Each structure stands twice: as C-alpha cells, then as structure tokens.
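Quick note: to get the numbering used here, add 2 to the position in the sequence shown (first position is 1). What follows is a short report on a single structure.
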Amino acid sequence: MRKRAAALCGAAVAMAGTFTAVPAEASAPNTETTTTQTAKLTWKSCATEDHPTLQCASLKVPLDHRRPRGEKITLALSRVPHTARTFQGPLLVNPGGPGGSGLTLAGFVASSLPPKVAAQYDVIGFDPRGVGASKPALDCKPGHFDPVRPDSLPTSPAIERANLARAESFAAACGKKYAHLLPYINTAGAVRDLDAIRQALGAKKINYFGYSYGTYLGAVYAKFFPERVRRLVLDSVVDPTDVWHEANLNQDVAFNDRHRAFLAWVAEHDATYGLGTDPEKIEATWYAMRTALAKKPAGGTVGASELEDTFIPGGYYNGYWPHLAQAFAAYVNDKDPEPLVEAYEDFGAVDASGDNGYSVYTSVQCRDADWPRDWRQWREDNWAVYEKAPFMTWNNAWYNAPCAFWPTQSLRPVNVANGRLPPVLLFQATGDAATPYEGGVTVHRLLARSSLVVEEGGGNHGITLSGNACLDRYLAAYLRDGTVPRGYGEADAVCEALPDPKPAAAGKAASAPSNGSTLHGLLGFRH
C-alpha cells in the first residue's frame, strides 16, 4: 500500500515527464433541450471577512429526477465569480463525506489557487441533498454521539448488545423520520443534482474538483455524463470497486498504520513529550490509557470510544499530531485529563452539523451498495481485522453498523470505468488512511485518459492546496490550460511529502500550517 510509487513511476520528483495539453475553451451558455426545467439562479452576497466576494443562491431540484414535476428539494449554492476576461466556466468543488458541506470550500479553493487561475473560473460550492443549508436537511437522531458511549470494543455480550441497540435505533429513527426521502439520498441522486446545477449555471460542461468521497461523486458524474465534463480533478481517491463495506475494512488497516506513524513521531520527540523513545512501548501506553478511560472517563466525558474519536483525525492530517501528543502526555505523565477533554472537544465531539453529516453519510452509504444484513458476518469480519489493526476497527464498525438495519433496499455500485473523458488529473498520497493508495491506482486504470500524481511518503488525506507546492503546481497547470503529466508505470508524476510537523515550543500552544489546517477543517473526518 505504501511507498510503492517511486519504484513504479518513471516521472521524477517535481514537474518532470512529458505533458499533454487540453484546449482552454470556455464553456458557452447552454442551449440544449432538457426534460427538466431548471430555474435561473439569483445570486446574493454572503460575503465573509475571508471571502469578500462570496455569493449564495438556492436551486430547487426534483427529489426524484425520474419525476421532474414531482416533489422538489432545495440545494444551497455558493460562488466566487470569475474576474478575468478569459472565462473557463464553472468549477464545482466538493469536500467529500458523504455529508460534507461545500459552501465554504468555494471560498477556500478560490483564495488558495494562484490568483490568475482562480480568476478564470466561477468557483461553485454546494451542499448536496440533505446536507447543511440545503432543504430538507437530515438529522435522524440528534445527540447520537453524546458522551459517554459504550466501549467500542465488544469484549462482552452486554457491550455488543449496547452498541447494536444504538445502531439499530439510529436506523429506525431515520426510517421513521425520513421514510419518503431515504430512497433518494444516494450518490446517483446527488450526481443528477450536479447536472441540474450545471443547467442552472448555463454551462454546456462543468469543471469539477472533489476530495475524498467527492472523488467518487465526480467519477460517477463523469460516468453518467461524460460529454459534460471539461476538467476533472480527484484528490484522495475512493476505490470504486470496494464500496462500501470492504472499503471500511481496508481503512481500518491503513488507519492502524497511520496511528503507529503518529506514535513513532511521539517517540522521536521524547524530549518534548516524555513518553519514551520506543514506539511499541508508547503504543502499549496509549492502549493502557484507553483501558483506564473505559473504566473512568476523563472529565466524565472522554471514555474509550471518545478517545478513539479524538485520535482518528490524526490519521487524516498530521498537523493535529502536536495537539494530540500534548493531550496524551498530560494524561499519562501529569495525571491531567483537561487537555484530553479539550482535544476531544476540538476533534472528536459531534455538534448539530456533525449529526446532520452523519445522517447523510449513513443514508448514502447504506443505500449505495450492499451491506451484510447478518450481524454474524460483521462480527467475523471485524474481529479478523482487529487482530492486525486494533486502533479503529470496532469504532469504524459501529459507525457504519446502521447499514445492517437500514430501512431502504440497496442499489448496485456504479462501474466508473470510462474511456470517453478528456484528460483527468488524480492526486494520491502513498500513506493515505481514509482512501488508501490502491484507490488512486485503480481509478487511474479505470479512467482511460487520467494522470496520477503521487505524494511519496505522504500520509495526509486531502493533499492539494495544503502546502505542498509541487502538487499545487500540477493542479494549477491543469486548471490553467489542461496540462497533465504523462509518465510511465503506476504513476505519472511524484512529489515528495512535506515533513512531519514539529512539536510546539514549551509553554506554547501547538500549531499547524494554516492552509492545511483550514482545508482539513473543511473536509472534516469520516470520509
């Protein structure tokens, strides 16, 4: 899974290799006839201090696109309008999830791209159906993640029953509250919403930039509407061949590796954290902390499950490592639980928007593909993975367990293989835990004219516009004029990963690179 790219890629680090360019034609107003009448958008300022030109609008779309005159739902949209004479059309951006809000991402992307590139696009954010400011917004069971939850590790029949009861009650609450909506909260529905947005924007084609689950959304859109794709950027790529049960089991192994990388980093900085220099002993200390918290939650808030929730974000983004290490050290060395409670509130606690995101996450994942309905299969699969990857396995199992009881029938996953697209640009880190490396390689193979840029040795999830100038040069070149690298072997180009963060100076709060931390705050967790 990790560190394979250099041996298999013929492109050198940085901007080497041969290149293919795509004409930079602008998207002309759409004159095609469609069966769905899409209203024009009315944009109004929703400016923020960081994004003073941000605009917002709403769009009504059919709940069921097969019945365009039937019930409507409302999508919330945002836009940073183009300012250059050269206009390359709309660039739709999505942060993943499923269940992630993309309204703020538009401003981030527009302000993070080189100004001359961003100025040529209308950067469009949107909340997918069911999410955030779109209406109706799902919230199946408010407070579902309130602490303290049962221990995720089902070491007794009673603990397993308690976790099963939570999962089953959540699925039942969704079914009772949103029975008529749930059949339409899925990737295929969101894809048709994307095309409705395209029509409302008056564009014959769209440019699309998606992170994480947003890569699957983009790939499925491209499968449904290949002739309507102008440019397609997929960062941290979902493997479409194992959605979604197998994908979560594969995640568990990758997150365990990433957690161990964090513990090794703590060992390297023993002078700061005082937890020792042996990563295996530090790992044992971490699990001893988990055992202690299962018996006595820190601050009456952070039990074993909440501890896992707190440290899982470190698998998405190493900028959080100094914060997590400080909390770990304070609890172990100083018997001080407060930093751990604070870290949980920063990284693990679920607020109302998180309840909404989880409701959409389960609705999409449980509807998109088959999940085992026999709990014995879940038990067998997860205990087998736990034996080699204990860090996140059972926490992740319970997160997805409502799918065992979901009130709607499942659909078939979409085969995204596609030979009808213009050149596509993919980005993947070799040590990504949330969307393991093989996903990028698989989609590179399935999309005939795609190019894969690999961050060698990187472990973060969501790697462009996060501080790596090499990656961002490839992204900017593609959005500027369609240039893509063409190498040979598994990847077309390789960039070196950024160094891991440094501990904060004594007496100072831990810090993270501003652009990286902002992006990962927008992407969220549990993709």
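C-beta: ideal position from N, C-alpha, C; glycine also. Just so you know, these numbers come straight off a predicted model, no measurement behind them.
Assumed close pair residue i, residue j - CB separation to whole angstroms, cut-off 8 angstroms
i	j	result
V239	L428	6 angstroms
V235	L477	7 angstroms
F128	A78	7 angstroms
R230	G91	Not confirmed; about 11 angstroms, so no contact.
N188	D370	5 angstroms
F407	F257	So it is not a contact: roughly 25 angstroms between Cβ atoms.
S365	G132	7 angstroms
N250	N397	So it is not a contact: roughly 11 angstroms between Cβ atoms.
A108	I126	6 angstroms
Which residues DSSP lists as bridging residue i, in chain order
i	result
F128	L79
E458	E498
A59	L79
P92	D124
V304	A300
D237	Y213 and F429
L115	DSSP output for L115 lists no bridge partner at all.
K74	P64
S136	Looking at the DSSP assignment, S136 forms no beta bridge with any residue, so it has no partner.
L449	N420
S47	Q57
Residue i and residue j closer than 8 angstroms at C-beta
i	j	result
K137	I75	yes
D141	P83	no
A435	G461	yes
G317	L326	no
G526	G220	no
G278	E340	no
L65	G72	yes
Y223	L196	yes
V304	P185	no
E1	T432	The requested residue 1 is not part of the displayed model; the chain covers only 3 to 529.
P404	A181	no
V362	P100	yes
Y360	G518	no
N420	K207	no
D254	A391	yes
H53	R194	no
F211	V95	yes
L449	V486	no
P324	P503	yes
W373	H247	yes
L43	A205	no
A331	G276	yes
S80	L56	yes
A269	P281	yes
Cβ of residue i within 8 angstroms of any chain B Cβ
i	result
Y322	In the structure shown, chain B cannot be found, because there is only a single protein chain.
Proximity test, residue i beta-carbon vs the ligand COA heavy atom, cut-off 7 angstroms
i	result
E170	The ligand COA is absent from the structure shown, which contains no ligands of any kind.
Sequence ranges, alpha helix (DSSP H) only - wholly within the segment 336–424, length at least 4: 340–345, 354–370, 377–388 and 395–402
Report yes or no: do three or more beta-carbon pairs, one from the segment 490–506 and one from the segment 441–455, lie closer than 8 angstroms? Yes, the segment 490–506 touches the segment 441–455.
Pairs of beta-carbons, one from the segment 336–351 and one from the segment 155–170, closer than 8 angstroms: are there three or more? no
Three Cβ pairs or more, each shorter than 8 angstroms: is that satisfied between the segment 140–154 and the segment 307–316? yes
For the segment 466–483 against the segment 409–420, are there 3 or more C-beta pairs whose distance is under 8 angstroms? Taking 8 angstroms as the limit for Cβ pairs, the verdict is that the segment 409–420 does not touch the segment 466–483.
Ignoring anything shorter than 4 residues or poking outside the segment 154–217, list the alpha helix (DSSP H) runs there in chain order. 159–179 and 189–203
Within the chosen definition, does the segment 263–272 reach the segment 439–450 through at least 3 CB pairs nearer than 8 angstroms? no
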